[in-house]
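Worksheet: the structure to be examined is printed underneath.
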Amino acid sequence: MNKLVVENLHLQYGDNPILKGVSMTLSPGEVVALLGASGSGKTTLLRSVAGLEQPSAGRIAIGESVLYDGAAGVDMPVEKRSLGLVFQSYALWPHRTVFENVAYGLRLRGTSATDLQKRVTEALNNLGLGHLAQRLPHQLSGGQQQRVAIARALVYNPPVVLMDEPLSNLDAKLREEARAWLRELIVRLHISALVVTHDQTEAMAMSDRILLLNFGKIEQQGTPEEMYNRPQTQFTAEFMGSNNQLPGTIAQVADGRALLEGEGWRLWGAARGDLKPGDAATGIIRLERTQIANGAADNRIRTELVTGMFLGDRRENLFKLGALRLRCYGAAPAAGECWLELPRDALWVFPGANPA
Amino acid sequence: MTARTFSLPRTAVVVITASVIFLPLGLIFWQSFLNAPFFNPAKHFGFDAYAFIFEDADFWTAFANSIVIAAGMVVIALPLGAALAFLLTRTDLPAQRAIEVLVLIPVFVSPMVLAFGYVVAMGPVGFYSTWAKALVGDVPWNVYSLTGIAVIAGLTHVPHVYLYSSAALKSLGSDVEEAARVAGANPLQVALHVSLPMTMPALFYAAVLVFFLGFELFGLPLVLGDPEGHLVLSTYLFKLTNKLGTPSYHLMAAVAVCIVGVTFPLVLLQRWLLKSAGKFVSVKGKATRQKLLPLRGWKWLALGLVALWLVFTIVVPISGIALRAFVEQWGEGVKLADVLTLDNFRGVFDSSDQVRAIVNTLLIGTIGGALAVACYTAIGLAGHRQRGGIARILDYIVLIPRAIPGILAGLAFLWIFLFIPGLKELRNSIFSVWLAYTVVWLAYGMRLISSALLQIGPELEESARTAGASSRRVLTDVTIPLIRFGLLASWLLVFMIFEREYSTAVYLLGQGTEVIGSMLVSLWGAGAIDQVAALSLINIALVAVGLAVALRFGVRLHE
Numbered sequence: 243m244n245k246l247v248v249e250n251l252h253l254q255y256g257d258n259p260i261l262k263g264v265s266m267t268l269s270p271g272e273v274v275a276l277l278g279a280s281g282s283g284k285t286t287l288l289r290s291v292a293g294l295e296q297p298s299a300g301r302i303a304i305g306e307s308v309l310y311d312g313a314a315g316v317d318m319p320v321e322k323r324s325l326g327l328v329f330q331s332y333a334l335w336p337h338r339t340v341f342e343n344v345a346y347g348l349r350l351r352g353t354s355a356t357d358l359q360k361r362v363t364e365a366l367n368n369l370g371l372g373h374l375a376q377r378l379p380h381q382l383s384g385g386q387q388q389r390v391a392i393a394r395a396l397v398y399n400p401p402v403v404l405m406d407e408p409l410s411n412l413d414a415k416l417r418e419e420a421r422a423w424l425r426e427l428i429v430r431l432h433i434s435a436l437v438v439t440h441d442q443t444e445a446m447a448m449s450d451r452i453l454l455l456n457f458g459k460i461e462q463q464g465t466p467e468e469m470y471n472r473p474q475t476q477f478t479a480e481f482m483g484s485n486n487q488l489p490g491t492i493a494q495v496a497d498g499r500a501l502l503e504g505e506g507w508r509l510w511g512a513a514r515g516d517l518k519p520g521d522a523a524t525g526i527i528r529l530e531r532t533q534i535a536n537g538a539a540d541n542r543i544r545t546e547l548v549t550g551m552f553l554g555d556r557r558e559n560l561f562k563l564g565a566l567r568l569r570c571y572g573a574a575p576a577a578g579e580c581w582l583e584l585p586r587d588a589l590w591v592f593p594g595a596n597p598a
Numbered sequence: 420m421t422a423r424t425f426s427l428p429r430t431a432v433v434v435i436t437a438s439v440i441f442l443p444l445g446l447i448f449w450q451s452f453l454n455a456p457f458f459n460p461a462k463h464f465g466f467d468a469y470a471f472i473f474e475d476a477d478f479w480t481a482f483a484n485s486i487v488i489a490a491g492m493v494v495i496a497l498p499l500g501a502a503l504a505f506l507l508t509r510t511d512l513p514a515q516r517a518i519e520v521l522v523l524i525p526v527f528v529s530p531m532v533l534a535f536g537y538v539v540a541m542g543p544v545g546f547y548s549t550w551a552k553a554l555v556g557d558v559p560w561n562v563y564s565l566t567g568i569a570v571i572a573g574l575t576h577v578p579h580v581y582l583y584s585s586a587a588l589k590s591l592g593s594d595v596e597e598a599a600r601v602a603g604a605n606p607l608q609v610a611l612h613v614s615l616p617m618t619m620p621a622l623f624y625a626a627v628l629v630f631f632l633g634f635e636l637f638g639l640p641l642v643l644g645d646p647e648g649h650l651v652l653s654t655y656l657f658k659l660t661n662k663l664g665t666p667s668y669h670l671m672a673a674v675a676v677c678i679v680g681v682t683f684p685l686v687l688l689q690r691w692l693l694k695s696a697g698k699f700v701s702v703k704g705k706a707t708r709q710k711l712l713p714l715r716g717w718k719w720l721a722l723g724l725v726a727l728w729l730v731f732t733i734v735v736p737i738s739g740i741a742l743r744a745f746v747e748q749w750g751e752g753v754k755l756a757d758v759l760t761l762d763n764f765r766g767v768f769d770s771s772d773q774v775r776a777i778v779n780t781l782l783i784g785t786i787g788g789a790l791a792v793a794c795y796t797a798i799g800l801a802g803h804r805q806r807g808g809i810a811r812i813l814d815y816i817v818l819i820p821r822a823i824p825g826i827l828a829g830l831a832f833l834w835i836f837l838f839i840p841g842l843k844e845l846r847n848s849i850f851s852v853w854l855a856y857t858v859v860w861l862a863y864g865m866r867l868i869s870s871a872l873l874q875i876g877p878e879l880e881e882s883a884r885t886a887g888a889s890s891r892r893v894l895t896d897v898t899i900p901l902i903r904f905g906l907l908a909s910w911l912l913v914f915m916i917f918e919r920e921y922s923t924a925v926y927l928l929g930q931g932t933e934v935i936g937s938m939l940v941s942l943w944g945a946g947a948i949d950q951v952a953a954l955s956l957i958n959i960a961l962v963a964v965g966l967a968v969a970l971r972f973g974v975r976l977h978e
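So the protein lines, in turn, are chains L and R. Quick note: the first sequence uses the numbering used here, first residue 243, plus one each step. Quick note: the second sequence uses the numbering used here, first residue 420, plus one each step.
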């Protein structure tokens, strides 16, 4: 198997640029998630790799085989690319049985009858669908339809499998189970996959590497840990988790740290980006790093409890300090005044006043 | 809006709808089991009428001809209609927008007018025939043969197949086609393995529809079948009127029951097909711009074939009528410049019954069309958001008139007016024709109304209920204002349909009830070709006005 390389890809609908120079790689056996809000261009990038969209410039190749090269005028037809694509809607052919849906790609490749029978059966068994081979798609549950769509994309051993929001059509409850199941399948079968998702938890759970897209450009890429724990931009920090935001002004900068100051509070945080005293800046801290403390100390602020919310496995509390609202998990404190600790390593200070 | 509450207006709508449908139909059934017309005191029950027609060789010939023509129409219209739909929705055929409009013209032109157009254009001494004879020495076609009738009927019913086929192709999610491309299928394989099989239910439905329309064909075989004596069931029924010298209502009723015996199962089959097609409706993916299949070099060949079809089904008959309306006579060796005249139109406007026919046709299209839409709306609202029995009963009731060919409905209403005391006066007014038209086109009108009602999300009405509006206030404040543009569009479509209708009015024709359609049948029977030509052209002009308004305001010409 070979490496998928996308270089400086541009794509526009009319005058509206969708991809503004995206580059990425996908190594054999690796799972990369394309993460972003709607309109970020993640699905367009995936469909461009499949050949279903028409880029205006750039290059897409898998090993020696060039799928698209704007400069050289190469644009391999969709059907020649031999990739697997799992559609968001699954796009199962309603007039074909499960077996025939999966077998279609092999039939087009002229696979012999015995080989075809063997490989389709194997693909269906791999996905736990062996007993459903003769059913029609409308007789299956959503989860089963999704598995058929995956089996259909895997059966002819494509070098890369593309998945467009593979879990979004499932119920919330089913989605978490399917996520674990899909990750296991990918690891077990050593699949190279490019997965589009808008859900950061899904992206972190399923992939080895995440590409965060923001309006047609890659905002940041890295392992799930890097993306979550070491965001380089405010956008990444806010996209990857649940956060408290503290808009304020820089009072002091020293040794990679910044002192952020607001109405009635001063906190030290890790400086991210170019900061000077007097600049507007925003402090971002994950909810789970914000802690309830038992009294005044370094990097703590005095707040007032507004309300508490019971979430089942934990409790979320809402505090206020002037116009500021802060949330954190933990046992419900007594009503009234409460100290919160925002550890200086966990509080990132980004330039700019506006939340991303 | 609970289904259980009794509502006087709703019940009244259901009762009136049921009676205008079941009374005439019941009368036909009852009459078919009498041995004489129902007004004859000597009548008694029996199967004499059936015995008579089943022993009549003409009946069986007509039956066979009906089936042959209907089957021939399917064979011709289905592949052409499907191909046309594919070319217009999935390829980069040039001039698509213009063709999409032209394709629908045969649907809105009266078959009686079209048939007459073929006679004057391609009959033995038609314009195109005499020109062809001058060129090649012989007329290479015969529109009066059974094959000729089937070919003309087939080609003029291509639009029906096109409509259903293209609707299915348009609603086909592009994701299933893309999935096939990704799996390794080229565009042709995608069409053969995915698009075509997935639109199969629509094609099958269209086939049944065309067969059904072929079975109830009247105008085309009446005009084209006459010279060589080819009868179909509807024309056999029409000729029976005078077969025995006395009114042979019992025989006509028996034939009518035979026709409905074939058409009603076909209507039920269509309904079942439409419902079972549901499982083929796939989850639609994201709306992505579809890539059209490039035709490349085949582009001009495809366009040429489409143009050829358009010339045959639209240009030839309509140009024939237009020419014939302005000449005194036509035949071999006649020079066009010598015979040009406006006398045909003078003839029409000098004749009081023909002037009345034009005025009545206009009234029935405009005022009558509005009243019909009001009736359809009342029925639609009576069943709207009703989950109980009423909705289901209405659902089936409105289906029944679909199975009754216009000529039968006209006959049935004639009998109702004669049979029920006190209705004689209505029979002599244009109201009788309007009532028959409204009932005959009930299923069509209901489709227009229900597609307008379907556009309204239930939460819009539910929120009005929660805000404190009674269910009647919801209708007047929310539902009706929201469908008003749909109602205006329906009015326009019903106008065109009523301008075009002819067979329903045939038996109701009398002093005061003339419309252009029935006048054409009557004048044709009397051999008044000049006036038929002039009236046909006027009829085409009326429909054209409706079509132009519809296009101007972007009304969708089919649901």
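All C-beta atoms in this analysis are idealised placements derived from N, C-alpha and C, irrespective of residue type, glycine included. Only a predicted model underlies this, so the values are computations on that prediction, with no experimental measurement involved.
Just the C-alpha distance for I472 (chain R) and V925 (chain R), rounded to the nearest angstrom, thanks. Rounded to the nearest whole angstrom, the CA to CA distance from I472 (chain R) to V925 (chain R) is 22 Å.
Rounding to the nearest angstrom, what Cα-Cα distance links L894 (chain R) and V858 (chain R) in this structure? 24 Å
Under 8 Å, Cβ to Cβ, is there at least one residue of chain L near K703 (chain R)? At K703 (chain R), the pLDDT of 42 sits below 50, so the modelled position is not reliable and the matter cannot be decided from this model.
Are the Cβ atoms of T267 (chain L) and V291 (chain L) separated by less than 8 Å? no
Taking DSSP as the reference, what is the three-state secondary structure of P542 (chain L)? A small correction: the amino acid at residue 542 (chain L) is Arg; Pro does not occupy that position in the sequence shown. Secondary structure of R542 (chain L) (DSSP, three-state): strand.
Grab me the residues of S426 (chain R)'s own chain with a C-beta within less than 6 Å of its C-beta, minus the 5 sequence neighbours each way, in chain order. none
Measuring only the C-alpha atoms, how far is N411 (chain L) from S331 (chain L)? 7 Å
Status (buried if at least 16 other CB within 10 Å, exposed otherwise) for K694 (chain R): So K694 (chain R) counts as exposed.
Quick check: the stretch 330-345 of chain L against the stretch 596-615 of chain R, are there 3 or more CB pairs under 8 Å? yes
Please say whether V767 (chain R) and A953 (chain R) have beta carbons closer to each other than 8 Å? yes
Candidates R:P646, R:L813, R:A947: which alpha carbon is nearest S770 (chain R)'s? Among R:P646, R:L813, R:A947, the Cα nearest to that of S770 (chain R) is on R:A947.
In whole angstroms, give me the CA-to-CA distance for H803 (chain R) and L813 (chain R). 10 Å
Is V753 (chain R) helix, strand or coil when you go by DSSP? Note: V753 (chain R) maps to coil in three-state DSSP.
Beta-carbon neighbours of W335 (chain L), restricted to chain R and to distances below 9 Å: V595, A598, A599, H612, V613, P616, M617, S701
Give the interface partners of Y310 (chain L) over in chain R, defined as CB-CB distance under 7 Å, in chain order. Within 7 Å Cβ-Cβ: nothing; Y310 (chain L) doesn't reach chain R, min ~15 Å.
Which term fits Q387 (chain L), buried or exposed, when burial requires 16 or more other beta carbons within 10 angstroms of its beta carbon? buried
Residue burial classification, M448 (chain L) (beta-carbon count within 10 angstroms, cutoff 16): Buried, since its Cβ has 16 or more Cβ neighbours within 10 Å.
Quick one: what's got a C-beta closer than 6 Å to V702 (chain R)'s C-beta in the same chain, skipping five residues either side? Note that V702 (chain R) scores 39 on pLDDT, short of 50, meaning its location in the model is unreliable; the coordinates nonetheless yield the value given after this. Cβ neighbours of V702 (chain R) beyond the five flanking positions: none.
Endpoints, beta strand (DSSP E) assigned at K589 (chain R): Counting along the chain, K589 (chain R) falls outside any beta strand (DSSP E), though it belongs to the alpha helix (DSSP H) covering 577-590.
To test your reading of the DSSP string, which unbroken alpha helix (DSSP H) runs of 4 or more residues are found completely within the stretch 329-390 of chain L? 340-350, 355-368
Closer than 8 Å at the beta carbon, the chain L residues around N605 (chain R): Going along chain L in sequence order, the residues near N605 (chain R) (Cβ under 8 Å) are P319, E321.
Residues in the stretch 263-290 of chain L with C-beta within 7 Å of chain R's C-beta atoms, listed in sequence order? none
Within the same chain, show all residues whose beta-carbon is closer than 7 Å to that of M915 (chain R), passing over the 5 residues directly before and after it, in chain order. F527, V962, G965, L966
Got a sec: which bits of the stretch 435-465 of chain L sit with their beta carbon under 7 Å from any beta carbon on chain R, in order along the chain? none
For the stretch 759-776 of chain R, which residues have a CB atom closer than 9 Å to at least one CB atom of chain L, in sequence order? none
Spell out a yes or no on whether the stretch 919-935 of chain R and the stretch 534-545 of chain R are touching, meaning 3 or more CB-CB pairs, one atom from each, closer than 8 Å. no
In chain L, which residues lie less than 9 Å from Q608 (chain R) when you measure between Cβ atoms? E321, L350
Beta-carbon of S484 (chain L) versus every beta-carbon of chain R: anything under 8 Å? no
Taking only beta-carbon positions, decide if A602 (chain R) is within less than 8 Å of chain L. yes
DSSP has L404 (chain L) in a bridge; who is on the other side? L:L327, L:L436
Contacts of A292 (chain L) in chain B (Cβ-Cβ under 7 Å): Protein chains L and R are contained in the structure displayed, whereas chain B is not.
By the three-class DSSP mapping on this structure, what secondary structure does M318 (chain L) have? coil
So with Cβ pairs under 8 Å, would you call F341 (chain L) a contact of chain R? no
Would you mind stating whether V934 (chain R) and G788 (chain R) have Cβ atoms separated by less than 8 Å? no
Restricting to Cα atoms, I'd like to know which of R:L499, R:F464, R:N605 is closest to A721 (chain R). R:L499
Contact criterion: CB-CB distance below 8 Å. Does L412 (chain L) meet it with respect to chain R? The beta-carbon of L412 (chain L) is placed no less than 8 Å from the nearest beta-carbon of chain R.
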